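K.L.:
Position one of the sequence shown corresponds to residue 22 (the numbering used here), numbered consecutively onward. Cβ coordinates follow ideal geometry from the N, Cα and C atoms, glycine included. Being a predicted model, the structure only gives us computed values, none of them experimental. Have a look at this one.
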Amino acid sequence: PKAGELTQELVLLAIAKILGKNSNKIEEISKKYKQIEMARRFPVMCPGCPHRATFYAVKKVAKDAVFGGDIGCYMLGILPPLNTLDFIVSMGAGEGIVHGIKKATNQKAIAFIGDSTFFHAGIPALINMVFNKSNPLIIILDNGVTAMTGHQPHPGSGRTGIGEETKKIDLENLVKACGVENVKVVDPFNLKEMEESVKEFLEKDSVSVIIARRYCQLLAVRDKKKEGIKIPKFEISREKCTRCGICLNEFACPAIKKEGEDFVIDEELCTGCAVCFQVCPYKAIRVKE
Numbered sequence: 022p023k024a025g026e027l028t029q030e031l032v033l034l035a036i037a038k039i040l041g042k043n044s045n046k047i048e049e050i051s052k053k054y055k056q057i058e059m060a061r062r063f064p065v066m067c068p069g070c071p072h073r074a075t076f077y078a079v080k081k082v083a084k085d086a087v088f089g090g091d092i093g094c095y096m097l098g099i100l101p102p103l104n105t106l107d108f109i110v111s112m113g114a115g116e117g118i119v120h121g122i123k124k125a126t127n128q129k130a131i132a133f134i135g136d137s138t139f140f141h142a143g144i145p146a147l148i149n150m151v152f153n154k155s156n157p158l159i160i161i162l163d164n165g166v167t168a169m170t171g172h173q174p175h176p177g178s179g180r181t182g183i184g185e186e187t188k189k190i191d192l193e194n195l196v197k198a199c200g201v202e203n204v205k206v207v208d209p210f211n212l213k214e215m216e217e218s219v220k221e222f223l224e225k226d227s228v229s230v231i232i233a234r235r236y237c238q239l240l241a242v243r244d245k246k247k248e249g250i251k252i253p254k255f256e257i258s259r260e261k262c263t264r265c266g267i268c269l270n271e272f273a274c275p276a277i278k279k280e281g282e283d284f285v286i287d288e289e290l291c292t293g294c295a296v297c298f299q300v301c302p303y304k305a306i307r308v309k310e
C-alpha cells in the first residue's frame, strides 16, 4: 500500500497477531482478491453538480489556457472526459502557480478554487496577484459549503459548525477588498453567460475573478424534497437524438447513459438541473411530461 495507508489486509494481520491467530488464511484470501479484475471507472462529480457545468463552459471557450486546480470536489475535473485541470498540488497552491505562469509566460491561465478553500488558503495568493500586477482569471466555485468532506459550513455559509446562525462573509466584497476590480457572479447553470464571462475576463489586463455561484445540488435537491417541491426530470427524444454522444462523452453527467444505440437519462439520478438541455446541439433533451 501507499505510505501511511491502512488496508483491510494490514488491519486483519495486526488483529490476528494480537489475538495469536494464524494469519496464513488472511494472506491467502488477499492474494486471491488481488487476482480478481475489478470493474474500473473514474470517480465522477454528482448528477447536477454545478462544477461540471462550469468546467464544461470554460473548456469550450478557453482551449488554449492553462488550468490550475485545487483541493475539493472539483479535483475530479482533472479526470476524463472533462480533463479541465492541468495540475493539482496542494490546498491554495493553484492560484500561486497560475500567478507564476502569468509572470513567466504569455499563456492565458485560469485557476479554479472552491469557496471554502478560498476562505482557508486562497486570499493571500489573490492579494499577491493584485500587488504584483498579474492578470490571471480566478474562478471561485461557490457552492455554499465544504461539500467534499460532508457539507460542513464555512465562513460564507452563514452558520457555524454546530448549526448556529452567524455573520456571513460576503465573498464578492472580500474579493474586492483584496483589490480586485474585475469581479462578477455567474450562475454556472447558465452556460451561455458563463462562456461569455470567461471570454471577456480572459482579456483583462489585471487579475479577474468570476464567482460561479450555485448551491451544492445534493443539498438543493434535499431541501426541495423537504419543502414538497417537485423536481423536473428530463428525457432524450429518440426522434431528435442524432447519437452524437456529446451529452455522455463530453458533458458526462452520471444520469445520462447508453442503452443499446440510444442515449437515455436515468430518472432516478436526474436532479433537474437542465444543463444537459443547453448542452445538446440538436434540442433532443426535454422536460419529461
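Start and end of the beta strand (DSSP E) containing ASP244?
P.N.:
Counting along the chain, ASP244 falls outside any beta strand (DSSP E), though it belongs to the alpha helix (DSSP H) covering 238-247.
K.L.:
What's the gap between the Cα of TYR95 and the Cα of ASP163?
P.N.:
11 Å
K.L.:
Give every residue of the same chain whose Cβ lies closer than 6 Å to the Cβ of ILE277, excluding the five residues on either side of it in the sequence, and list them in chain order.
P.N.:
CYS268, LEU269, ILE286
K.L.:
Identify the continuous beta strand (DSSP E) that holds LEU158 and give its terminal residues.
P.N.:
158-163
K.L.:
Grouping DSSP H, G and I as helix and E and B as strand, with all else coil, what is PHE108?
P.N.:
strand
K.L.:
Between the alpha carbons of THR105 and LYS80, how many angstroms are there, rounded?
P.N.:
Distance between the alpha carbons of THR105 and LYS80 is about 7 Å.
K.L.:
For LYS178, report the span of its alpha helix (DSSP H) as first-last.
P.N.:
According to the sequence provided, residue 178 is Ser. The question's Lys does not apply to it. Element bounds for SER178: n/a, residue is neither H nor E.
K.L.:
Under 8 Å: do the stretch 144-158 and the stretch 223-240 share three or more Cβ pairs, one atom per stretch?
P.N.:
yes
K.L.:
Is DSSP giving ARG234 helix, strand or coil here?
P.N.:
strand
K.L.:
Please tell me whether VAL151 and VAL201 are closer than 8 Å, where the distance is taken between their beta carbons.
P.N.:
Contact annotation: VAL151 and VAL201 have beta-carbon atoms nearer than 8 Å.
K.L.:
Could you give the C-beta distance for ILE131 and GLY89, rounded to a whole number, given that I count them as a contact under 8 Å?
P.N.:
7 Å
K.L.:
When the Cα of VAL110 is compared with those of ILE92, ALA125, PRO102, which residue comes out closest?
P.N.:
Considering only alpha carbons, the answer is ILE92.
K.L.:
Could you check the C-alpha separation between ARG234 and PRO302 for me, to the nearest Å?
P.N.:
25 Å
K.L.:
Assuming ILE122 contacts VAL87 under a Cβ cut-off of 8 Å, what Cβ separation, rounded to an integer in Å, is found between them?
P.N.:
6 Å
K.L.:
Excluding sequence positions up to five away, which residues of its chain have a Cβ less than 7 Å from the Cβ of GLU256?
P.N.:
ILE286, ARG307, LYS309
K.L.:
Take ALA78 and list the residues in its own chain whose beta-carbon comes closer than 6 Å to its own, dropping the five residues that flank it on each side.
P.N.:
Excluding positions up to five away in sequence, the list reads LEU212, MET215, GLU216.
K.L.:
Thinking C-beta only, is ALA74 closer than 8 Å to VAL296?
P.N.:
yes
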